[in-house]
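Just below is one structure, and these are the notes that go with it.
In the numbering used here, the protein residues as written are 395 to 480.
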């Protein structure tokens, strides 16, 4: 399994080409949710009682997202609706 994951995922040139875009997406989502705690699910909102727990809550929320959900959330927040029909 380890060899398969390195060959097909970690070292795959297609996946590597997307790495910086994925990092940027996560950074943008982090910045957004850090300043818009109210847009996270209630469970994560309740975790964010002070600055340190706010950081943890945002990180936990983003880390719980699947790739597809993170992309969909990014599109929902930052891609104008008219563009999504093109």
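Where a beta carbon is used, it is the ideal one built from N, C-alpha and C, also for glycine.
Inset, instruction - Could you pull the start and end residues of the alpha helix (DSSP H) that residue 456 belongs to? - result: 445-457
Legend entry - Segment limits, alpha helix (DSSP H) that includes residue 461: 461-472
Inset, instruction - Work out the CA separation of residue 432 and residue 468 for me, nearest whole Å. - result: 16 Å
Legend entry - Candidates 402, 401 and 423, of which the one nearest residue 464 by Cα: 423
Inset, instruction - Let me know the secondary structure DSSP gives residue 416 once reduced to three states. - result: helix
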